[in-house]
Amino acid sequence: MLGSLAAGALVASSLVRRQPHTLGIPDLKMPGVVLGLDLVRDINHGWPETLFLVITAHGTVETAVEAMRLGAHDYLAKPVDLEMLGHQVRKAFEHHHRESLHALLAIERVVTDQQNHRMERAQPESHASLRRNVNAALSAAAVDRRAPAPARGLR
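For the sequence shown, this note's numbering begins at 66 and goes up steadily by one.
Okay, structure coming up:
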């Protein structure tokens, strides 16, 4: 979905429940009873990968801190400079991309550590088993070398 425009936080929340969005730019004071920060909280709870940039004409340090605590990537004051908005959107996606890479690397590290731990615990058995398999394969190869080669030709 390229984008959606909602008349209020309840409509926005319903849109996201039907089709998750990558980025949300709610106003702090949205029409209706649900505020922009409530929207950030609700959507971030169900879809934590959604990025938010909260905009407002009624900004205070307290609301900016609250927006960030609830999961907003940034907080912009109105009137919004479109160039600044574009910069903040790019910055939010870059940050999200870096966090995703860090999470994948952490998962990879855990899996590798678990595999290494399993291999260390199983090593004596694995070595003995490997030795038996190698000896069996060498014995079979020696038997094959002593047996006469089957006749080859066209049939």
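We treat Cβ as the ideally placed atom computed from N, Cα and C, and that holds for glycine.
Predicted model only: the values in this text are computed from it and were never measured.
With H, G and I counted as helix, E and B as strand and the rest as coil, what does DSSP make of residue i?
i, result
"G89", "strand"
"D146", "coil"
"G124", "coil"
"K94", "coil"
"A74", "helix"
"Q84", "coil"
"L104", "helix"
Under the DSSP definition of a beta bridge, which residues are partnered with residue i?
i, result
"D139", "L118"
Within 10 angstroms of the Cβ of residue i, are there 16 or more other Cβ atoms? Answer buried if so, exposed if not.
i, result
"P91", "buried"
"P85", "exposed"
"L104", "buried"
"M149", "exposed"
Tell me whether the stretch 107-122 and the stretch 137-150 touch, counting them as touching only if at least three CB pairs, one residue from each stretch, are closer than 8 Å. yes
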